[in-house]
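Taking my numbering, the leading residue of the sequence shown gets 67, the next gets one more, and so forth.
C-beta atoms are modelled at their ideal positions from N, C-alpha and C, and glycine is treated no differently.
Here the structure is laid out as structure tokens; the discussion comes afterwards.
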Amino acid sequence: MSDQSASTLTTNRQQANNLLRRDVRFLGNILGEVLVHQGGRELLDIVERIREQSKALRAEFVPEIFDQFKENVSSLSPEIRHQVIRAFAIYFQLVNIAEQNHRIRRKRDYEVSAGETVQRGSIESAVQDLKERGIAIEDVQDILSNISLELVMTAHPTEATRRAVLDIHKRIAVDVMELDNPTLTYREREKLREKLMNEVLILWQTDELRDRKPTVIDEVRNGLYYFDETLFEVLPSVYEELERCLSKYYPDENWHVPDYLRFGSWIGGDRDGNPSVTAKVTWETLTLHRQLAIRKYEEKLNELMDLLSFSTNLVEVSDELAESIRSDREHVELKCVELWRNTKEPYRIKLGFMLEKLANTRDESLKGSLMRYNNPDELRQDLLVIDRSLRHHFADYVADTALAKLIRQVELFGFHLMALDVRQHSQEHENAMSEILAKMNVVADYASLSEEEKTDLLHRLLNDPRPLTSGHLDYSESTRECLSVYHTIYRAQQEFGVNCISSYLISMTEAASDMLEVMVFAKEVGLFRKEADGTIRCTLQSVPLFETIDDLHAAPSIMKELFEMPVYRQAVAARGNLHEIMLGYSDSNKDGGVVTANWELRVALNDITAAGKEYDVKLKFFHGRGGALGRGGMPLNRSILAQPPHTIGGGIKITEQGEVLSSRYSMQGIAYRSLEQATWALITAARLAKYPEQAPQAEAEWDEIARSISETALVKYQDLIFRDPDFLTYFKESTPLPEVGELNIGSRPSKRKNSDRFEDLRAIPWVFAWTQSRYLLPAWYAAGTALHQYAGEDEAKMNTLRTMYEKFPFFRSLIDNLQMALAKADLVIAKEYADMIKDQTIRDRIFEQIEQEYKLTSELILSITGQTEILDNVPVIQESIRLRNPYVDPLSYMQVQLLTELRALRDNEEDDPQLLREVLLTINGIAAGLRNTG
């Protein structure tokens, strides 16, 4: 880049930052006017006074100001307090909108000012890098044919924002973006301001809390919203950009990129701990997926109907198109669509028949007939007939734009829109298997068998063509439901295609028998079948979910045991010698702490990959990352590059959860940038896997150091979390954990069982509660002790850690994630939450331990990185946190006050719904302010 270009980019970046400040100030002023309009000048003055004091305390902690600040917060009347909470919470919503818009603006400004310069992290930069490294077309084709990324939406209850509120956010975002329009007149700007004032007023008068828990189908519709609004358009645009760049740098090839980037879903398929997800709900989910896909295709065909007005008076269409229309006239009766009356416009006639056949796809009575599309390839073939005809009379541009995009959409989405994964806990399968085998007199008590006895029995059953179940036997409700799921999957594959459900995930996989049980159930309904000649047909794969530290240790030996079984190995071969394996970031983090979880996941990735290679099986790793730092959360491109390159050969799946969905995919510009960066990371990782860079000679030594640090961290973490008898009391009383369960943000219960055991608490509320109370403990605790145990006062060892940070990607990623957590944590405020603990001895002892660990971790991070302050390496995020804290702090102090009052009432078996409502409002506000829930 030339000095002039660099100078221009710097100037534009400064101007863009000024525009962000303009937008935040503009929206803040509008909110201020709404506050005056709704609550009088007094309300705005109170909010401003609290904000100014909070800001002053962040600049310099003065005990007198702190006492005055707390007095101002605690003395608010309930009515005013309610409005103050909402004012701060809505301010964060508006800031988040401004920041999202700014991301889109920054990308556009870069593209405007950069000229020929290629943006780092773009698709073009990845392709340009391949070209500059001299990688041949054949090798590029090989890279593209082997990369795969599936992003899986989950309904984990971490999206605290209602859909109605998100809709308002979107309207505000569109209007704020229009402020950048230089052609607006003075009056148009005034009208835009009036419109935004109206939207903020509507936001103020819209309840941000749900009055009931969402149903599973509500959650399904929420997930489909992102397809309807952004992904249906954005995904093919990413492919289009990749093909453009390939054609630019490798012009001798006519590129059609394989389908490497897709979305999937757990919503409506994940029944682990959620009794509301039944076989009936799963079928309804798949039906909703198809309905949306067909509706989107109908919209596109109607757009083509408007566009393709070509007349045979002027052009000659292909004989193939004419024959296709003749066949449609013979076989398709038009009921939903009128026949296009102008006989000289054949494309519109053809599209009319296509719309009729699409509508008939919903009609089960027409299945198999020529009246409907029986599979998406039939629709694709009709589109290709139109494509070839357009090219026949040199309308290539139309074929290359509108039509090519629709063809890609059909290839990507089919009639099932996205793959649905099914997930269930391993214990449920064992329970059902025990009952079925007992009723068939196979074995009286399957559950009591040893692991070896179980696998031997299940292996025999897989080889035995005889059924295990009978319609004449009466099974328990849970076993009937278990079997019904498999029948539903079989029926779904017949109706929607085998790709609609092909992965069955098994939570808490602890042994090979957990996997084989699912295969035996699949055999019962025809999803697994051994033919007379010995060949295996298998359309459903058992996918283990290794979650705890012990499970990660056992994973390689479990997979080796399965690959040793001939019938299982044949089933894998029937699935293209590809096996999917899921690794859980949330439970491993909850079980072993952030340092140990990261290390053990790395070890498991390498060891399981080696096991797959030994048996010539490609592995697709499914990374169960959450949105928050304490659950493996990080930007999508970084999460791809965080994997050792040699482990991505079979493809990658990554969960997209909760607040991540709305932050990444609610706006087309941000969705495109996120998927573009993911594509860049995927191609980069695939290139590194194909052409490995020379690892530093010291990496083996660094691995050993990391292992020892992990071992120390595990002991330190579990000493507090599992072995301190008072810890659970500390956790429940110093965080809003009990109240989080009353926030109607998900259909799934917050515990796997009706139990107060720590082991039965889900990882999501575990992280959510620590985030709300500003500890963020799961994302950093035990790191300081572990690093200090290794280095101590030894400067040579500290220099080794500094070198590891500089040259060892795993260690750098770990340290940078620790930095992010430490920056968002605030132990001054966490101390306020700790003061809610009734037993002062417990409070003081454990808080002191946490505080010392926080200080030690911070000191060592700064020493390792050479920074002056935490997050000096990412000043944009550092500044964002610094600017947000004065607005989050008042919500935290009010939450502590409200929790104290509410819990005092409940201790006396009283309650106050209004008080609970205010607590829940602070939870929403803090979640928006920290941009993280669970």
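Annotation for V242: the continuous alpha helix (DSSP H) segment containing it runs R229 to E244.
In the structure shown, S375 falls within a coil segment according to DSSP collapsed to helix, strand and coil. Annotation for H619: the continuous alpha helix (DSSP H) segment containing it runs I615 to E630. Residue nearest to H482 within the set V564, V806 and F913 is V564 (criterion: CA-CA distance).
Within the model, the alpha-carbon separation for V240 versus E759 is close to 44 Å.
Per DSSP, reduced to three states, the secondary structure at P762 is coil, with no helix or strand assignment. By the beta-carbon neighbour count (other beta carbons within 10 angstroms, threshold 16), P956 is buried. Straight-line measurement puts the Cα of D233 at about 44 Å from the Cα of V638.
Per DSSP, reduced to three states, the secondary structure at K401 is coil, with no helix or strand assignment.
Secondary structure of E382 (DSSP, three-state): coil. Each of M631, G334 and R107 was checked against the Cα of V551, and the nearest Cα belongs to G334. In this structure, DSSP gives Q607 an extended state, which the three-state scheme calls strand.
Secondary-structure assignment with DSSP links I720 through a beta bridge to L217 and H689. Within 10 angstroms of the beta-carbon of E518 lie fewer than 16 other beta-carbons, which makes it exposed. For E646, the uninterrupted beta strand (DSSP E) segment begins and ends at L644 to G650.
At a cut-off of 4 residues, the continuous stretches assigned as alpha helix (DSSP H) that sit fully inside the segment 287-364 are 298-315.
Per DSSP, the beta bridge partners of S573 are H491. With a threshold of 16 other beta carbon atoms within 10 Å, E646 meets it and is buried.
Under a 10 Å Cβ-count criterion, Q271 is classified as exposed, with fewer than 16 other Cβ atoms of the shown protein chains found around its own Cβ. Going by DSSP, K596 is part of the beta strand (DSSP E) stretching over F594 to K596. E583 counts as buried, since at least 16 other C-beta atoms from the protein chains shown sit within 10 angstroms of its C-beta.
For A751, the enclosing alpha helix (DSSP H) stretches over residues Q734 to K756. Distances from the CA of Y413 to each of S377, E204, S393 and R438 were compared; the closest alpha carbon is that of S377.
Within 10 angstroms of the beta-carbon of S579 lie 16 or more other beta-carbons, which makes it buried. The beta carbon of N379 is closer than 8 Å to those of K410 in its chain, skipping five residues each way along the sequence. Per DSSP, Q185 is not a residue of any alpha helix (DSSP H), being assigned neither H nor E. Here G650 is buried: its Cβ has 16 or more other Cβ atoms, across all protein chains shown, within 10 Å. With contacts defined as CB atoms closer than 9 Å, F629 and V683 qualify as a contacting pair.
Residue range Q906 to T931 is occupied by the alpha helix (DSSP H) that includes F913. In this structure, E799 sits away from L986, with a CB-CB distance that is not shorter than 9 Å. Between the alpha carbons of H168 and V242 lies a gap of roughly 10 Å.
Cβ neighbours of E306 within its own chain (closer than 8 Å, five residues either side excluded): A470, K471 and R474. Distance check between V139 and each of V962, L671 and A862 places V962 closest, using alpha-carbon atoms only.
DSSP places F612 in the strand class (E or B) of the three-state scheme. In this structure, the alpha-carbon of R395 lies about 41 Å from that of F594. For D580, the enclosing alpha helix (DSSP H) starts and ends at A578 to V591.
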